[in-house]
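Here's the structure we're looking at; comments come further down.
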Amino acid sequence: MTSQQFEKMVTEALHKGTHKAAEEMQEKNWKCILKKIEETEKERKAAKGLFRNRIVGISAAAAVLVLALGSFTQPGQAALDKIRKYFAPEKIVEFEVEGDKENIHSRLQQGEIGYVIYYDEERYKIVEDGKVDRLVMKESVEGLPEVYMEISQDTDNSPEDLAEKLEAELRGEFSRVDEAIEVTDPLKAIYIHAIDGGTRGDDPIVNYYLIDNTQGGTFIIKQKYFLEAAEGHGSRFYQMLKEFTIIPAE
Amino acid sequence: MDDILLQRVRNKDKEAFEELYNKYAGFAARTALAITRSNALASDAVQETFVRVYFNIDKFKPGNPFEPWLYRILVNECMRLLKRGSRITYVDSYSESGLEIPHEDDHYFEEYEELYQAIGDLEEKIRIPIVLKYLKGFRETEIAEILKLNVNTVKSRLYKGRQKLKKAITGSLKGR
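These protein sequences, in sequence, are chains Z and L. In this text, residue positions in the first sequence follow our numbering: the first is 825, and each later residue adds one. In this text, residue positions in the second sequence follow our numbering: the first is 217, and each later residue adds one.
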């Protein structure tokens, strides 16, 4: 048997082996695709309405601070001194969680990579490793899926470039990855939302907020929680992000 | 022709999207079946792929060939579902679909059925390039682009795949 004859046989085996099943699924698949598209369009329309109602723009504090500190490369003592002027070490922040308003005692976190955030210190703690700061539950509950919010910085890639890369990575792990969109609430960023499954309470959710670091790079905020925790941890992470401010480094 | 059709899909024209689906779904389904070896997974992979095409069409650069982009999404989706379903036992549709090969004569039937089975038995990293080349007719450079691999890696995997299939088919012919 020549190579050409053999290759022809491989092609024919694949054609004959898949022909009937492929033909049978064509119409059914089309109906399911249309249904999924319509459902997703409805969800997105509803989500856009929600965003419009919540728009607050970039944090005024962030704008003031960027103007006050100018353009730097690394956060240094001078910048940190100025932070102290603008940010109290603790404050009460009003959170809206599961429809109720709560006054949460919040602590200032000054990230070495050049940001500040107020976090809910009653429920969370921050684990730092110099490159990535991870906000985790103070008291972990055995058996619950992972819950955290991570803050890191990529100094080489823009939010747009990272969005493409992260979307591709998420597609390998999650059954639904929404198209990256620009948001202004809770802060100005490129936002990517992914969920695996979507029917069980423990189905994982990942959100990325990619924030321009104003120097060609990106602050990457990754939130991980699960479907049932969307109204709890998801909502708290969202509220805390409203208090996120970039500190231009010197 | 595709450029005009894709532009209409960009404008969320559902008729254009149906036209695009009808044009590409057949081979996409065959490819997914050959990769996943499961009717259920193949069906899910095709559905997710076209939903993603619809919502992410803006990311496809006009002027580039559409099929490598489509198949990259499809292959990623198949691999994701295979990974996800690795703990679940699916009915092996290779054995089901073998019955679909027409019995023009028994010898002819067995030969193709065994070869199809042998393709299904190849390890995933070898099976996927073989399917893309021999089912869809992609060039090695296109397969490299779809799988994000070096073209020499693709050549090597295709070579290994052919050797294994030849061995399988020769063994089966000798056994008759």
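Glycine residues also receive a C-beta, built at the ideal position from the N, C-alpha and C atoms.
When CB distances to chain L are screened at a threshold of 7 angstroms, the residues of the stretch 1003-1017 of chain Z falling below it are 1003, in chain order. Annotation: residue 339 of chain L to residue 919 of chain Z spans about 52 angstroms, alpha carbon to alpha carbon. The beta carbon of residue 1024 of chain Z does not come within 7 angstroms of any beta carbon belonging to chain L, so the residue lies off that interface. Within the DSSP bridge table, the entry for residue 910 of chain Z names no partner.
For residue 957 of chain Z, DSSP records a beta bridge to Z:952, Z:975. Between residue 1050 of chain Z and residue 1020 of chain Z, the C-beta spacing is not below 7 angstroms.
Under a 10 Å Cβ-count criterion, residue 287 of chain L is classified as buried, with 16 or more other Cβ atoms of the shown protein chains found around its own Cβ. Counting C-beta atoms within 10 angstroms of its own C-beta, residue 957 of chain Z has 16 or more neighbours from the protein chains shown and is therefore classed as buried. In this structure residue 1057 of chain Z is buried. Its beta-carbon is surrounded by 16 or more other beta-carbon atoms within 10 angstroms. Note that the stretch 976-989 of chain Z touches the stretch 1040-1047 of chain Z; at least 3 beta-carbon pairs, one per stretch, sit closer than 8 angstroms. A Cβ of chain L is located within less than 7 angstroms of the beta carbon of residue 841 of chain Z. The residue from Z:1007, Z:973, Z:1003 with its alpha-carbon nearest to that of residue 1017 of chain Z is Z:1003. Taking CB atoms only, residue 249 of chain L has a neighbour in chain Z less than 7 angstroms away. For residue 838 of chain Z, the nearest beta carbon of chain L is closer than 7 angstroms to its own beta carbon. For the stretch 373-389 of chain L, the beta-carbon criterion of a distance under 8 angstroms to any beta-carbon of chain Z is satisfied by 378, 381, 382, 385. Boundaries of the beta strand (DSSP E) around residue 932 of chain Z: 924-935. Straight-line measurement puts the Cα of residue 1005 of chain Z at about 24 angstroms from the Cα of residue 261 of chain L. For the 7 angstroms CB-CB criterion, residue 373 of chain L and residue 842 of chain Z do not form a contact. Only 988, 991, 992, 995, 996, 997 from the stretch 979-997 of chain Z bring a Cβ to less than 9 angstroms from some Cβ of chain L. For residue 219 of chain L, the uninterrupted alpha helix (DSSP H) segment begins and ends at 218-226.
Across the set L:365, L:292, L:336, the C-alpha of L:336 shows the shortest separation from the C-alpha of residue 351 of chain L. About 7 angstroms separates the Cβ atoms of residue 838 of chain Z and residue 347 of chain L, confirming a contact at the 8 angstroms cut-off. The DSSP-derived three-state label of residue 834 of chain Z is helix. Taking each of Z:1037, Z:831, Z:1048, Z:1055 in turn and checking the Cα distance to residue 1070 of chain Z, the smallest one comes out for Z:1037. Listed along chain Z is no residue with a C-beta nearer than 9 angstroms to that of residue 342 of chain L; the closest approach is about 13 angstroms.
Each residue's CA atom was taken as its position, placing residue 937 of chain Z and residue 1023 of chain Z some 37 angstroms apart. The residues 351, 352, in chain order, have a CB closer than 8 angstroms to that of residue 243 of chain L in the same chain once the five nearest residues on each side in sequence are set aside.
Residue-level contact check: residue 262 of chain L touches chain Z, since one or more beta carbons of chain Z fall below 7 angstroms from its beta carbon. Of the candidates Z:846, Z:1039, Z:926, Z:943, Z:943 places its Cα closest to the Cα of residue 911 of chain Z. For residue 366 of chain L, there is no enclosing alpha helix (DSSP H), as DSSP marks it with neither H nor E.
For the stretch 283-294 of chain L, the set of residues with a beta-carbon nearer than 8 angstroms to any beta-carbon of chain Z comprises 289, 292, 293, in chain order. Interface annotation, residue 917 of chain Z: not in contact with chain L, CB-CB separation never under 7 angstroms. With contacts defined by Cβ atoms closer than 7 angstroms, residue 252 of chain L and residue 258 of chain L form a contacting pair. Residue 1030 of chain Z is outside the set of residues whose beta carbon lies under 7 angstroms from a beta carbon in chain L. Annotation for residue 280 of chain L: no beta strand (DSSP E) segment contains it, and DSSP assigns it neither H nor E.
Residue 248 of chain L: not part of any beta strand (DSSP E); member of the alpha helix (DSSP H) spanning 230-252, first to last residue.
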